[in-house]
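**Student:** One structure, pasted below without further comment.
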Amino acid sequence: MIIVRFDKNTLLPISFYDSPLPQFYQPSNEFVECSYSGSIPINPDIESFYIQEGLVDYDYDVALSLAKSRSIDSIRESARILLSDSDVRVKTTLEHLTIDRSDEEAIEKHYTVLSQRKRVRDSSNAAQEMILLCTSPAEAWGIAGNFDPRSSPITPLAPEITKNAFQQRLELTVQEKRDPVFQSMTSDLLALGYVDLRQAAEKLSFLVAIGKLSQERVDNILTAPIQWCERPVHGV
6 MIIVRFDKNT
16 LLPISFYDSP
26 LPQFYQPSNE
36 FVECSYSGSI
46 PINPDIESFY
56 IQEGLVDYDY
66 DVALSLAKSR
76 SIDSIRESAR
86 ILLSDSDVRV
96 KTTLEHLTID
106 RSDEEAIEKH
116 YTVLSQRKRV
126 RDSSNAAQEM
136 ILLCTSPAEA
146 WGIAGNFDPR
156 SSPITPLAPE
166 ITKNAFQQRL
176 ELTVQEKRDP
186 VFQSMTSDLL
196 ALGYVDLRQA
206 AEKLSFLVAI
216 GKLSQERVDN
226 ILTAPIQWCE
236 RPVHGV
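In this note's numbering, each number is its position in the sequence shown, counted from 1, plus 5.
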């Protein structure tokens with residue numbers, strides 16, 4: 006009979022003791038200890054031991070699969086806790102913006118929280134993908150133990166502005182507003198709840214090609230820094 010000692014948090018095997026047990030061996034509540042009476046090689050590999058539902062067995066592939074699954078669950082739980090905590094901040098900023106949509110500071114806070122949440126999710130996904138490529142249980146748990154929810158870069162905000170902001174950037178003259186070409190263009194772009202300047206670029210380039218707008222005017226529309234007051238707040 007063999008006594009196998011596992012780490013309480015990771016359930017990775019730490020050591021094992023064959024019978025007769027050595028004199029220095031003392032049971033400990035700091036670890037999970039279980040007996041194993043199955044067959045093993047003459048020189049057993051400690052990483053091949055695994056525990057599942059209170060039973061110990063010996064198989065490296067199963068041990069690796071369990072370590073990957075458990076370490077991924079650990080990362081997901083860490084990310085879940087962080088995202089759960091930030092849920093309150095998202096709801097708070099949305100409530101405030103429902104009352105005062107013009108509060109630029111609140112809009113900035115809202116987007117900041119959303120960016121931080123995406124960073125956590127991206128970091129979690131990247132760590133999980135790394136674990137899936139691991140070749141040892143210890144390697145998988147090493148990634149989980151060093152998981153940094155801010156390891157991924159912050160994704161730049163999409164160049165999206167409100168319909169009103171886009172119209173202000175266009176600054177159409179009275180004559181241009183009456184022009185069927187402009188009417189068709191603005192109707193298409195304003196069909197959604199917001200305008201993505203990347204999508205607008207193609208339509209505006211067409212207006213430059215047919216002489217309706219100057220390239221300089223289009224460049225100003227597309228490249229002017231997006232102010233927080235121009236940002237759409239989805240859900241408000």
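Every residue, glycine too, gets a C-beta built ideally from N, C-alpha and C.
Report the partner residues of V61 according to the DSSP bridge assignment.
**Tutor:** I56
**Student:** On the three-state DSSP scale, how would you describe S44?
**Tutor:** coil
**Student:** Less than 8 Å between the CB atoms is what I'm expecting for L99 and G240, so what's the real figure, rounded?
**Tutor:** A Cβ-Cβ distance of about 6 Å is found for the pair L99 and G240, placing them in contact under the 8 Å criterion.
**Student:** If you measure between the beta carbons of I7 and E38, is that distance less than 8 Å?
**Tutor:** no
**Student:** With burial defined as no fewer than 16 other Cβ atoms inside 10 Å of the residue's Cβ, what is the status of A72: buried or exposed?
**Tutor:** By the Cβ-count criterion, A72 is buried, with 16 or more other Cβ atoms from all chains shown falling within 10 Å of its own Cβ.
**Student:** Can you tell me which of A84, D184, S91 puts its alpha carbon nearest to the alpha carbon of K114?
**Tutor:** Comparing Cα positions, the closest option is S91.
**Student:** Taking the straight line between their C-alpha atoms, what separation do you get for R10 and S44?
**Tutor:** 17 Å
**Student:** Answer with buried or exposed for E235, where buried requires no fewer than 16 other C-beta atoms within 10 angstroms of its C-beta.
**Tutor:** buried
**Student:** For the structure I just gave you, are there three or more beta carbon pairs, one from the stretch 96 to 112 and one from the stretch 127 to 136, closer than 8 Å?
**Tutor:** no
**Student:** Assign S157 to one of three DSSP states: helix, strand, or coil.
**Tutor:** coil
**Student:** Contact check, L212 vs L218 under 8 Å by CB: the rounded distance?
**Tutor:** For L212 against L218, the beta-carbon gap comes to about 4 Å, under 8 Å, which counts as contact.
**Student:** Looking at P154 and S128, is the spacing between their C-beta atoms short of 8 Å?
**Tutor:** yes
**Student:** Measure from the alpha carbon of Q172 to the alpha carbon of each residue in A163, Q188, D78, P158, then state which is nearest.
**Tutor:** Of A163, Q188, D78, P158, the residue nearest in Cα terms is Q188.
**Student:** For I56 and D64, I'd like the C-alpha separation in whole angstroms.
**Tutor:** 10 Å
**Student:** Can you tell me whether T15 is helix, strand or coil according to DSSP?
**Tutor:** coil
**Student:** Since I8 sits in a beta bridge, which residues does DSSP pair it with?
**Tutor:** Y22, S40
**Student:** Identify every run of the alpha helix (DSSP H) within the stretch 179 to 241, keeping only runs that are complete inside it and at least 4 residues long; order them along the chain.
**Tutor:** 179 to 183, 185 to 194, 202 to 214, 220 to 228
**Student:** Report the residue ranges of all alpha helix (DSSP H) runs contained in full by the stretch 50 to 129; include only those spanning at least 4 residues, in chain order.
**Tutor:** Within the stretch 50 to 129, the complete alpha helix (DSSP H) runs of at least 4 residues are 65 to 104.
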